[in-house]
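Accompanying notes for the structure given below.
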Amino acid sequence: MTNQGKGAIYAILFCVKARPGQRQQLVDFLMWDQKESMEKERGTLCFDVFEDPKDKDLFYVYEAYEDKAAFDEHTNGDPFNRWKSDDFQNKVIFPHVVLERVKP
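All residue numbers for the sequence shown refer to the working numbering, where the first residue is 264 and numbers rise by one.
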């Protein structure tokens with residue numbers, strides 16, 4: 264089997280940590296974002312959320328989209344707008360890092 268001629272998916276991986284006392288708010292948000300993305304957005308292939316076994320406030324999120332255009336569509340939705348809001352960024356989560364794939 265070969266992948267020749269197939270377009271690559273667009274994926275992101277990041278970890279995010281809830282501020283003290285904000286764990287449930289972050290979990291609720293991530294579950295809502297996952298549901299909205301998987302049920303309503305064209306091109307969302309995967310939206311997985313993982314808990315860190317040693318830190319109950321730390322989560323890893325893997326999102327995969329058909330292409331960059333599908334991800335761009337995701338960034339126009341209500342969950343992404345809430346995610347980027349100053350209120351959410353400053354009250355619910357600590358600054359986080361989005362990991363990028365190694366480029367050859």
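The C-beta atom is built at its ideal place from N, Cα and C for all residues, glycine as well.
8 Å contact criterion, which residue i and residue j should meet: CB distance rounded
{"i": "residue 354", "j": "residue 320", "result": "So it is not a contact: roughly 14 Å between Cβ atoms."}
{"i": "residue 333", "j": "residue 306", "result": "3 Å"}
{"i": "residue 272", "j": "residue 329", "result": "6 Å"}
{"i": "residue 296", "j": "residue 342", "result": "4 Å"}
{"i": "residue 277", "j": "residue 312", "result": "The Cβ separation is near 11 Å, so there is no contact."}
Contact set for residue i: own chain, Cβ-Cβ below 6 Å, skip 5 residues either direction
{"i": "residue 326", "result": "275 and 310"}
Reduced DSSP category for residue i - H, G, I as helix; E, B as strand; rest coil
{"i": "residue 363", "result": "coil"}
{"i": "residue 290", "result": "helix"}
{"i": "residue 330", "result": "coil"}
{"i": "residue 304", "result": "coil"}
{"i": "residue 351", "result": "helix"}
{"i": "residue 317", "result": "coil"}
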